Structures are given as structure tokens and as C-alpha cells.
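These notes concern the structure reproduced below.
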Amino acid sequence: MTTPAYIRNNLLVIICVLFLTQPAQALNYFKNVVEPTNLINIYVGTVAYLDGNIVAPEDEIGIFVDNGKILVGACNIGVDNQEDFYRIYIYGDDDLSDEIKTGAYNDDELTIKIWKASTGNVETLSSANFSVDPPSTGLQEVTFPLKFVQSQMPVVFGYLNMSVSFIGPMANYVSVPLLNYWWLIAWVFIIVSSTCLFIKKQKYENNY
19 MTTPAYIRNN LLVIICVLFL TQPAQALNYF KNVVEPTNLI NIYVGTVAYL
69 DGNIVAPEDE IGIFVDNGKI LVGACNIGVD NQEDFYRIYI YGDDDLSDEI
119 KTGAYNDDEL TIKIWKASTG NVETLSSANF SVDPPSTGLQ EVTFPLKFVQ
169 SQMPVVFGYL NMSVSFIGPM ANYVSVPLLN YWWLIAWVFI IVSSTCLFIK
219 KQKYENNY
């Protein structure tokens with residue numbers, strides 16, 4: 019019996035993604051990922067920053083289910099010397115007999131977050147942050163809302179491209195304290211100087 023072409027293509031893509039790509043560096047922010055299982059979805063695509071920031075290999079993507087409560091996948095940005103490319107594995111719960119959820123369930127909606135290492139900012143992405151390229155041979159088409167697909171064989175989706183700007187409340191939070199710090203020094207200097215002048219004036223008046 020001949021294996022259908024789409025299955026052969028999918029197998030080829032899975033082999034390339036799983037075994038022919040270089041591993042990324044250790045994660046520092048999205049660290050508490052669920053234990054890997056054989057139920058795997060894989061997303062591939064690119065990341066672009068719209069605020070002048072540069073994509074760095076330390077930056078991370080995290081994928082959650084249950085409204086951000088369970089981290090089911092995480093990765094660094096950058097694959098095989100392509101600094102803006104990502105490849106992320108999402109793990110499903112392969113033991114539905116217990117009451118403890120340890121991965122994504124079929125049809126669970128996925129929430130994606132990006133952490134910018136140099137600033138510490140975290141951005142939760144919405145549909146406005148995504149664009150989709152037509153899938154290459156062997157890749158599954160990306161559909162919205164993003165959901166986990168339970169399958170006995172890893173499912174590879176692409177290309178899901180992400181565009182994000184970190185200019186916002188969190189970015190302001192990062193920059194304002196530095197500004198306030200210098201204003202605080204200036205105010206302390208003014209208060210100390212005024213106090214010294216007042217004391218000096220009092221001593222002068224007391225002497226006369």
C-alpha cells in the first residue's frame with residue numbers, strides 16, 4: 019500500500035524540524051513548561067519588532083492555555099542562524115484519566131506571549147500581531163483562533179509570523195524610574211543647599 023503524498027511530506031517536515039535544526043539556548047523567563055509528551059504541535063515563523071528593538075537570541079516566546087495559567091510551550095527566537103525565525107513545540111496532556119491538567123487538551127485556545135530580554139517587557143499577542151504566509155509542502159495551514167490539535171503524530175503549522183511593539187505602559191515603566199532617579203537627586207541637592215544657606219544665615223544673624 020502506497021503512503022499518501024501528504025503524509026510523506028508531513029513526515030519529511032517533522033524529521034527536518036525535529037532532527038536537523040540546532041537546539042536553542044536555555045530559557046530564562048518561560049521556564050516552567052509542562053513535561054514533554056508525544057502529543058506535539060509545532061509552530062514555525064518569524065518575529066519582527068516594530069519599535070526599533072532588535073530581535074535577540076535571548077528573547078523568548080511562551081505559549082499558554084487556560085487563559086495564561088498553563089505554559090505548554092516555550093522557545094528562544096532564532097533558529098539555525100536565522101535570528102528572526104522561531105520554532106516552538108507545544109505539548110498536550112497525554113493522560114486524561116486524572117484531574118490534573120499537565121498539557122494542552124484538544125481544541126484548547128492558545129495564548130502567545132513574547133519576552134524581550136534586554137528590557138524585561140512581556141507582551142501578550144492578539145490577532146493584530148499575527149500574519150500568515152501560505153504553508154510550504156508538509157506544513158499545516160494556520161487558522162484562527164489558534165488551537166491545540168491532538169494527534170498521534172506531531173502537527174507542524176506555518177508560517178505564523180508575529181509583529182510586536184514594546185512601546186506602551188510597560189516600556190514607560192522601565193524608563194520612568196531612571197528619569198525619576200535623576201529628579202530625586204536634583205531635589206535632594208536643592209533641599210540640602212537651601213538648608214545649608216538657611217543655617218549659615220541664622221548663624222550670621224545670631225553673631226550680629
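For the sequence shown, counting from 1, position 193 maps to 211 in our numbering; every step adds exactly one. By construction, the Cβ of each residue, glycine as well, lies at the ideal position given by its N, Cα and C atoms. All values reported here derive from a predicted model rather than from experimental measurement.
In the three-state DSSP reduction, S144 falls in the coil class, being neither helix nor strand. Taking the CA atoms as reference points, N50 sits about 7 Å from L89. Within its own chain, the residues whose Cβ lies closer than 8 Å to the Cβ of I108, once the five positions on either side in sequence are excluded, are I58, N59, I60, Y61, I81, V90, G91, A122, L128, F166, listed in chain order.
Shown here, A74 sits in coil according to DSSP, grouped into three states, outside any helix or strand. Per DSSP, the continuous beta strand (DSSP E) segment holding V90 begins and ends at 88–94.
Excluding the 5 residues flanking it on each side, I132 has same chain C-beta neighbours closer than 6 Å at I79, E141, V182, in chain order. The beta carbon of D113 is closer than 8 Å to those of T120 in its chain, skipping five residues each way along the sequence.
By the criterion of a C-beta distance shorter than 7 Å, G63 is surrounded in its chain by Y104, G176, Y177, L178, N179, M180, once the five residues flanking it on both sides are discounted. With contacts defined as CB atoms closer than 7 Å, A135 and E53 fail to qualify as a contacting pair. Per DSSP, T64 is one residue of the beta strand (DSSP E) stretching across 58–67.
Cβ-Cβ separation between A66 and D102: approximately 6 Å, consistent with a contact (criterion under 8 Å).
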